[in-house]
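Asks:
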Amino acid sequence: MKARLEGIAVRIEPLFGKLSTFSLVLLMLLIFVVNIRDILSLYGSRGVIASILFLVAGSTMGWFLGGPRVETRSVMALGAAQRNIAAGLVVAKQNFDDSRGGSDGRCDCDR
Numbered sequence: 003m004k005a006r007l008e009g010i011a012v013r014i015e016p017l018f019g020k021l022s023t024f025s026l027v028l029l030m031l032l033i034f035v036v037n038i039r040d041i042l043s044l045y046g047s048r049g050v051i052a053s054i055l056f057l058v059a060g061s062t063m064g065w066f067l068g069g070p071r072v073e074t075r076s077v078m079a080l081g082a083a084q085r086n087i088a089a090g091l092v093v094a095k096q097n098f099d100d101s102r103g104g105s106d107g108r109c110d111c112d113r
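FYI, in the working numbering the residues of the sequence shown are 3 to 113.
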């Protein structure tokens with residue numbers, strides 16, 4: 003749009019910037035609300051710590067490998083931290099059973 007209608011593009015850019023930020027925050031909030039039961043079920047497991055360490059490691063690597071400009075580094079840090087988490091969770095869910103076992107909390111390790 004900027005190539006053909008630069009005047010309009012320049013005027014609406016701030017609006018779309020705010021709209022995209024609002025959409026991202028709303029999306030994160032909705033994902034949290036929809037998955038709150040699963041998030042709370044992780045309490046006491048090492049899954050939360052592993053997730054935090056994974057995000058910190060990815061973000062740190064993205065920051066340091068992002069180049070000399072701060073703007074690029076921040077984008078790379080965010081991108082590296084969230085990269086393919088959804089795909090990894092699908093694989094993990096399909097390949098690993100619930101280690102807590104049945105409703106009594108015992109591991110059914112013979113499965």
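Backbone N, C-alpha and C fix where the C-beta goes; we use that ideal spot for every residue, glycine too. The model shown is predicted, which means the values in this text are computed figures rather than measured ones.
Using only CA atoms, which one of Met3, Val12, Gly69 and Arg85 lies nearest to Ala59?
Replies: Working through the sequence shown from its first residue, we reach residue 59 at position 57. Among Met3, Val12, Gly69 and Arg85, the Cα nearest to that of Ala59 belongs to Arg85.
Asks: Under three-state DSSP, which class holds Asn37?
Replies: Position 35 of the sequence shown, counted from the start, is the residue given in the question as residue 37. Three-state DSSP puts Asn37 in coil, outside helix and strand.
Asks: For a quick check, are the C-beta atoms of Thr74 and Gly68 less than 8 Å apart?
Replies: For the purposes of this step, residue 74 is identified with residue 72 of the sequence shown, where counting begins at 1. For the purposes of this step, residue 68 is identified with residue 66 of the sequence shown, where counting begins at 1. Yes, they are a contact pair.
Asks: Counting C-beta neighbours from all protein chains within 10 Å, is the total for Gly64 16 or more, i.e. buried, or is it exposed?
Replies: One-based indexing of the sequence shown puts residue 64 at position 62. Burial call: buried.
Asks: Would you mind stating whether Ala83 and Leu55 have Cβ atoms separated by less than 8 Å?
Replies: Counting from 1 along the sequence shown, the entry for residue 83 is found at position 81. Counting from 1 along the sequence shown, the entry for residue 55 is found at position 53. Going by C-beta atoms, Ala83 is not nearer than 8 Å to Leu55.
Asks: Quick check: the Cα distance between Val50 and Phe24, rounded to an integer number of angstroms?
Replies: Start at 1 with the first residue of the sequence shown, and residue 50 comes out as number 48. Start at 1 with the first residue of the sequence shown, and residue 24 comes out as number 22. Between Val50 and Phe24, the C-alpha separation is close to 26 Å.
Asks: Only counting the same chain, and skipping five residues up and downstream in sequence, which positions put a Cβ closer than 8 Å to that of Ser76?
Replies: Here the question's residue 76 lines up with position 74 in the sequence shown. The answer, listed in chain order, is Trp65 and Gly68.
Asks: Is DSSP giving Phe98 helix, strand or coil here?
Replies: The residue labelled residue 98 in the question sits at position 96 within the sequence shown. Phe98: coil per DSSP, three-state reduction.
Asks: To the nearest angstrom, report how far apart Met30 and Gly46 are at their CA atoms.
Replies: Along the sequence shown, read from residue 1 onward, the residue named residue 30 stands at position 28. Along the sequence shown, read from residue 1 onward, the residue named residue 46 stands at position 44. Roughly 23 Å between the two C-alpha positions.
Asks: Express the C-alpha separation of Val72 and Ala79 in angstroms, rounding to a whole number.
Replies: One-based indexing of the sequence shown puts residue 79 at position 77. One-based indexing of the sequence shown puts residue 72 at position 70. Those two C-alpha atoms are separated by around 10 Å.
Asks: Could you compute how far the alpha carbon of Gly9 sits from the alpha carbon of Ser22?
Replies: To locate residue 9, count along the sequence shown from 1; it is residue 7. To locate residue 22, count along the sequence shown from 1; it is residue 20. When rounded, the distance between both Cα atoms is 20 Å.
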